[in-house]
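Comments concern the structure below.
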Amino acid sequence: MLELIVISSLNGILFGMLLFLMASGLTVIFSMLGVLNFAHASFYMLGAFFGFQISRWVGFWPALVLAPLLAGLIGIAVERYGLRHVHKNGHVAELLFTFGLAFAIEEVVQIIWGKSPVDFRVPAVLDFPAFTIFSTNYPAFKMFMLLVSVVIFLSLLLVLKKTRVGLIVQAALTHPHMVAHLGHNVGRIFMLVFGVGTALAAVAGVIAGPALVTQSNMAALLGPILFVVVVVGGLGSLPGAFIASLMIGLLQTFAVSINTSPASLFGPLDPAWATTWLSDIWNVTVAQVAPVLPYLLLVLVLIFRPMGLLGTRET
Amino acid sequence: MRKTLLAAALALPILGSAAAAEDTIKIGYIDPLSGGGASVGEVGLKTFQFLAEELNTKGGVLGKKVEIVPLDNKTNPQESLIQAQKAIDAGVRFITQGNGSSVAGALSDFVTKYNERNPGKEVLYFNYAAVDPVLTNEKCSFWHFRWDANSDIKMEALTNYMKSTPSIKKVYLINQDYSFGQSVRSQAKAMLAAKRPDIQIVGDELHPLLKISDFAPYVAKIKASGADTVVTGNWGQDIALLLKAAADAGLKVNWYTYYAGGTGGPTAIKQAGLNHQVFQVSEGLANLDHQPSRDFEKAFRAKYDFGMFYPRAVNQMRMFAAAADKAKSTDPVKVAQALEGMTFEVFDGGEGFMRKDDHQFFQPIYISSLGERGDNEPFDEEKTGWGWRLVAKIDTQQTVLPTTCKMERP
Amino acid sequence: MRDITTRIAPPLPTTAEKLKFYGMWVGLALFLLVLPKIFASGGALTTFCLIGISIIFALSYNILLGQTGMLSFGHAVYYGLGGFLAIHAINYFGGHKWPIPLPLVPVIGGATGLFFSALIGWVMTQRSGTAFAMISLGLAELIASSALILRSFFGGEAGVSANRTKMFRVFELSFGPQIQIYYLVAAWTLIAIIAMYALTRTPLGRMCNAVRDNPERVQFVGYDPHVVRYLAFCFAGMFAGIAGSLAAINFEIANSAYLGAVQSGTVLFAAYIGGIGFFIGPIVGAIFVTVLSIGLSDLTSVWQLYFGLFFIGVVMFTPGGLTGLMMMHRPLWRAGMLTKMLPSYLLAGVPTFAFLTGIMLAIETTVHYTAHPNEDPNIRAFGIPFNATSPLTWSAAVLLIVVGFILARITWRRVAHTWDETLTAARAKVHPL
Amino acid sequence: MTNAIELRGVEKTFGVTKVIQNINLKIAQGERHALIGPNGAGKSTTFNLISGYMRPTTGSILLRGEEIAGLRPFQINRRGLSRSFQVTNVFANMSVWENLRCAVLWATGQRYAFWKNIDNLPEVRERTAQILEYIHLADRRDMPAGLLTYAEQRALEIGITVAGGADVILLDEPTAGMSHAETERAVELIRRLTEGRTLLIVEHDMSVVFGLADKISVLVYGQIIASGTPEEIRGNAKVKEAYLGEEAA
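From first to last, the protein sequence lines are chains C, F, W and U.
Heads up, the first sequence is in the numbering used here, so the first residue is 61 and it goes up one at a time.
Heads up, the second sequence is in the numbering used here, so the first residue is 279 and it goes up one at a time.
Heads up, the third sequence is in the numbering used here, so the first residue is 99 and it goes up one at a time.
Heads up, the fourth sequence is in the numbering used here, so the first residue is 1182 and it goes up one at a time.
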């Protein structure tokens, strides 16, 4: 039992940190550009596939740098030649543009790399168990993932606190209307923020690819959860996104390990009810509903605390 | 102007396929050919095209050429029905499909209703891979024939093998949370309890279908349970990722699976280093010591870069030809009547038969394991160097299960 | 007083205009009546049924997006629930021999859609804009996932099937043959189109537009934008339920895909591509998208990519959709100056076509390399054969893309210029100052 | 006779900043009252508080003796108080006719009707036509509001505000940004449209204020420093010092 708790906590924190790598970019982009980037998870996927392809050619470590760079450049191009163009047609058009983009990226990835998972392996240097806890191995690569996420998290904090762009971003987070008065190089800052945001998502992709799965549906699986994180944390709140990421990471991993169902708590249903719809609910375990929990959380938060956990504004 | 354009656009897909030649037998292949399931659907399509070619070089069926008409159903039941309608318009009287029991159920239902409402224009449905038992039990149809062993039959075969393997003591069940996974789970529990009451079921897991990207939490549970054997009906990424996570966590158990041989499976097994620890229950394997199937396999692999994944498709096509010969007609009703109860020398050797009661085909079932190859094992999988090795053969008679089907015949 | 009204208010329609207006609907009805006489194959009838269903669904979606400005990513929920209830109703009424004929089943679907949107909508419509979009997405995921857990009602991934011919019969109609289903769908489509058109011309319909344009100001003319959104949401849910139940009748099966993200995405595509700013926009879009999704997969295996790219193109270049593109030309058409644009359109059309051909060639050859690397390089796409390995093909693709792009840029600037001139001239001609 | 509007000890704080400090204000029925003061004095905030756009931190706001503080804007509007906006705030994609018609719908009791043909409502037609005539935009009837000139949009803004027939009208800088001639026409329009109604107006143009208002209140740093007839305000030393003096200089 203890073993399960320790392993689940580690996995949960890890998943949460990965979510945060993406959610941070998404939050900043939303605050500055006012666009909820539907294609954000697609950049995570692009990161994983670029990482896979580049590590085939030149190895994992260069890929860890090159893949996010490449994805970031694509992000910049998307902002410069796509979003900016669509901006004049309003927010709905922008949202739909990123929606279409997510759709197209998934198709392109399917065309190039196919639908089945690709063989993206953990680099040999890190392919050993970091430690063994109650006879379960914990892979070194996962520790490495944790390390990378924490390092990026810290450097992000540093950039936000210490640089001029960081200050502008911070200001934008709290006073989104102020961004309009930023002056002549606002376009460049938007581009930069979009590029960095998508590159961060791609970093998450490169490190998650070998550990989890590199497959064309990975964006579609993660995308909605990412929105849940951002909304639950509070739109425009970085600390909120951080807490929500960890919360959802832990929630999902722990839910999986709980086999409790109403039936196991209160005993089986009365036979008169046993074949009705109630038995579906009665016999379902927490583990089975694990994937639904984030959405349930989203709906609850939106009903009871519409601005999110740490958010300050309503939309 | 717009109306004419519209009419033209509508007419294109509809009229374009209307011309049906009488001297060919068209078999509509309804499976995913775009998007999600395309890679699997392509493998099936090429298999059937290869088999149609085989029949045609022997002079076709009753002198008529066999043509496979590919139809993309996008793994969606509604879309499958649209495509079936399209196929029927194009003169197709035989359709075949395999991916997804939900699609199979919808198609079987559709064909049954269509035949009832359009007497004289009957259509037959050959199912080569959808294994949901209901299709040959509660929801059986005269117009549906299944060549794959349904999941209960496979479990019967698997448990018959497990019965004679005393090293199995603690079994963990992990399955996808949908009808197929649930039937694997409940049958495993029932059959093991009957055949090996000493085996302890230490875990019984259902996880969401194709939505898990990290199986580490599940593997932690398996590990915690102290299981020595895992039984799973998982397929696709759900088996590949499960094995990957198991290897990461250093889980040492034996895996009894239905679909470890599917696309990506062997690669994952090799990567996880599970040498002869992953077993698969199937109706055939490439390395079987049976010359005709080996020759076939060789020719097949020479043409495509994947192995013969569907021995049952071979049985299906060859039996179709034999039934047409027997009936001396390619009329679907007559072919169906000829198929009922037909016995047949199957692709991998041995005798199989199409049970009249429920249109389920019975055949020898094999248990095999993937790992390093021996001398008489020429074929590897997915260029891993590892191949399937025969572990046990379960004879046809040992796989026969009762059916609840009440067949309504025309 | 009276004379101010007659002098200033927009004139009421004359008898002739009224006749024309009602004649249009009668004409549409007649068109739907004779359509299956022209295209009689089973596939054509199925296609028409799907188009009808998709029209109702897309129009219902546009009550949200186009009329009231609410971007929903979960509209299929009400479509799907309507479909499931309809299937259960067919089974139940058929099994218990209730004297309810099949054509009334969509009423149940509509009531279901209305019930659930009324239930869920109150909380959802408190927010608008991005927040509403997010909630709709989360809720759709929640309900679609729950559908797989509540097996006895939703039938798991296999769904629930029914036999529509087992219902009570009136006029000896069995509703087995597709032609009868066609007329059923056509009748309901006509009813739904008329009802939704009428809705746009009511006080509520106009306040929906006002909420879309400026929800803040609406509060200061006495309306609660939340209530307006809520009512619009309920109507959208109701018509979506009708569409879903028609789909259930047509396929005789309802499964969890009805509720899913793909269905929600498709209706968004259809409405937007058609043009959300016009009532007929979603109708055009529904026809276009349905025909494409059925027919395009015969032509190329990567039809979804073209679909996605096309959608992005619409969002970027013609935010008014296909209908918007047509309507743009109305002033020119009225002034009889449409021909002035033709030369520059032709001039721009050639390089644009070349550019698009180049892109398609590049996509198809790439697909060949990744999907079928060891096979016959002579492939066909859109019915045109070409050799995917030949350097000629590759250089042709590159040449078409590069040259096409450059020339298209130049020529489209010219088009924009001519457009401005012609439009000014056309306006001057119609409204001389 | 109860006052049309009465503010009692109204305060509004944003975070730590007190934008409105203890305002007390009475506006009699039928009075034309102007609210003046330098930029940032809190005039628009006062409007937002009265019209329900914002909720006061403390204090009460009475409309004809009834508490309205904390009510939503549409509830206040239904009780007969209507306001315009400093920044033009019309339904840009709808025609001028549609704009005005939306503004009369609630007042004519249409509510959320979805069973009536909107073109078949004689009362709505009449009232819309009347307002359209008043604001001199009859020849712009079918033009999208977003395409009107600035002055026309301001006129439409006023039209929307009065169309519902509210008897308490709040106008926020109705003539801002207008030329001299346009301003004169606008004042005339306001005078005519608010005949017999209560008017509270925020205005910077002193000629407008003194030409139109029966009473004037001066708001400086969130406080009312003086309130009275135009003559009284003109002679008030505090006002001269804090406000008019600067304007004159």
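Glycine included, C-beta positions come from ideal geometry on N, C-alpha and C.
Taking Cβ-Cβ distances shorter than 7 Å, what residues in chain F pair up with residue i?
| i | result |
| --- | --- |
| asparagine 261 of chain W | Lys391 |
| glutamine 348 of chain C | Asp455 and Leu484 |
| leucine 384 of chain C | Beyond the ends of chain C as shown, which are 61 and 375, falls residue 384 of chain C; an answer cannot be given. |
| tryptophan 401 of chain W | Ser312 |
| asparagine 353 of chain W | Pro355 and Ser380 |
| threonine 313 of chain C | Pro495 |
Strictly below 8 Å CB to CB, what residues from chain U border residue i?
| i | result |
| --- | --- |
| aspartate 518 of chain W | The premise fails here: aspartate 518 of chain W is roughly 16 Å from chain U at the closest Cβ pair, so nothing lies under 8 Å. |
Output needed for residue i: all residues of its chain with C-beta closer than 6 Å, excluding positions within five of it in sequence on either side, in chain order.
| i | result |
| --- | --- |
| serine 317 of chain C | Leu64 and Ser68 |
| threonine 1309 of chain U | Leu1281, Arg1282 and Val1285 |
| phenylalanine 120 of chain C | Pro183 |
| phenylalanine 557 of chain F | Tyr534, Ile645 and Ser647 |
| glycine 1340 of chain U | Leu1281, Ile1312 and Ile1316 |
| glycine 167 of chain W | Arg310 |
Could you give the residue range of the beta strand (DSSP E) that holds residue i?
| i | result |
| --- | --- |
| proline 183 of chain C | Looking at the DSSP string, proline 183 of chain C is not in any beta strand (DSSP E), and its letter there is neither H nor E. |
| asparagine 453 of chain F | 448-454 |
| tryptophan 666 of chain F | 665-672 |
| aspartate 309 of chain F | 302-309 |
| isoleucine 193 of chain C | 189-193 |
| proline 483 of chain W | 482-485 |
Go through its chain and collect everything with a Cβ distance to residue i's Cβ below 8 Å, but skip five positions before and after it.
| i | result |
| --- | --- |
| valine 138 of chain C | Ala99, Leu161, Phe254 and Thr258 |
| isoleucine 212 of chain C | Leu81, Leu260 and Val263 |
| leucine 74 of chain C | Lys202, Met205, Leu206, Ser209 and Gly309 |
Residues of chain W with CB closer than 7 Å to the CB of residue i, please, in chain order.
| i | result |
| --- | --- |
| alanine 1310 of chain U | Ile102, Thr103, Ile106 and Ala107 |
| glycine 1345 of chain U | Val319 and Gly320 |
| histidine 145 of chain C | Met414 |
Can you tell me where the alpha helix (DSSP H) holding residue i begins and where it ends?
| i | result |
| --- | --- |
| glutamine 689 of chain F | Because chain F spans 279 through 688 in this model, residue 689 of chain F falls outside it and cannot be assessed. |
| valine 324 of chain W | Valine is not the amino acid found at residue 324 of chain W; the sequence shown has histidine there. Taken as a continuous stretch (DSSP letters only), the alpha helix (DSSP H) holding histidine 324 of chain W covers 323-349. |
| aspartate 526 of chain F | 515-527 |
| phenylalanine 441 of chain F | Correcting the residue type first, residue 441 of chain F is lysine in the shown sequence and not phenylalanine. Counting along the chain, the alpha helix (DSSP H) containing lysine 441 of chain F begins and ends at 429-441. |
| valine 1343 of chain U | 1331-1344 |
| lysine 499 of chain F | 494-503 |
Within its chain, find whatever has a CB closer than 7 Å to the CB of residue i; leave out the 5 residues flanking it on each side and keep chain order.
| i | result |
| --- | --- |
| methionine 433 of chain F | Val462, Gln465, Ala466 and Met469 |
| lysine 1419 of chain U | Ile1406 and Ala1407 |
| asparagine 438 of chain F | Ile672 and Gln676 |
Given that residue i touches chain C, what residues does it touch there, using C-beta distances under 7 Å?
| i | result |
| --- | --- |
| threonine 541 of chain F | Ser176 |
| glutamate 239 of chain W | Pro284 and Tyr355 |
Which chain F residues sit within Cβ distance under 9 Å of residue i?
| i | result |
| --- | --- |
| isoleucine 308 of chain C | Here the premise fails: no neighbours, minimum Cβ distance about 14 Å. |
Would you please state the rounded distance, in angstroms, between the beta carbons of residue i and residue j? I believe it to be under 8 Å.
| i | j | result |
| --- | --- | --- |
| valine 344 of chain F | isoleucine 373 of chain F | Going by Cβ atoms, the distance from valine 344 of chain F to isoleucine 373 of chain F rounds to 13 Å, so no, they are not a contact pair. |
| alanine 330 of chain W | isoleucine 154 of chain W | Alanine 330 of chain W to isoleucine 154 of chain W, Cβ: 16 Å. No contact. |
| glycine 539 of chain F | tryptophan 666 of chain F | 7 Å |
| leucine 179 of chain W | phenylalanine 214 of chain W | 5 Å |
Please list, in chain order, the chain F residues whose beta carbon lies closer than 8 Å to that of residue i.
| i | result |
| --- | --- |
| glutamate 350 of chain W | Asp387, Phe388 and Lys391 |
For residue i, which residues in chain C fall below 8 Å Cβ to Cβ?
| i | result |
| --- | --- |
| threonine 464 of chain W | Ile171 and Ile172 |
Check: What are the start and end residues of each continuous alpha helix (DSSP H) run of 4 or more residues lying completely inside the region 301-342 of chain C, in chain order?
Finding: 322-326
Next item on the list: Ignoring anything shorter than 3 residues or poking outside the region 315-343 of chain F, list the beta strand (DSSP E) runs there in chain order.
Entry: none
Check: What are the start and end residues of each continuous alpha helix (DSSP H) run of 4 or more residues lying completely inside the region 572-645 of chain F, in chain order?
Finding: 589-605 and 610-617
Next item on the list: Return the chain-ordered ranges of every beta strand (DSSP E) run that is complete within the region 1359-1429 of chain U and spans a minimum of 3 residues.
Entry: 1379-1383, 1396-1401 and 1404-1409
Next item on the list: Give, in chain order, every unbroken run of the alpha helix (DSSP H) that is at least 4 residues long and sits entirely within the region 230-283 of chain W.
Entry: 249-252
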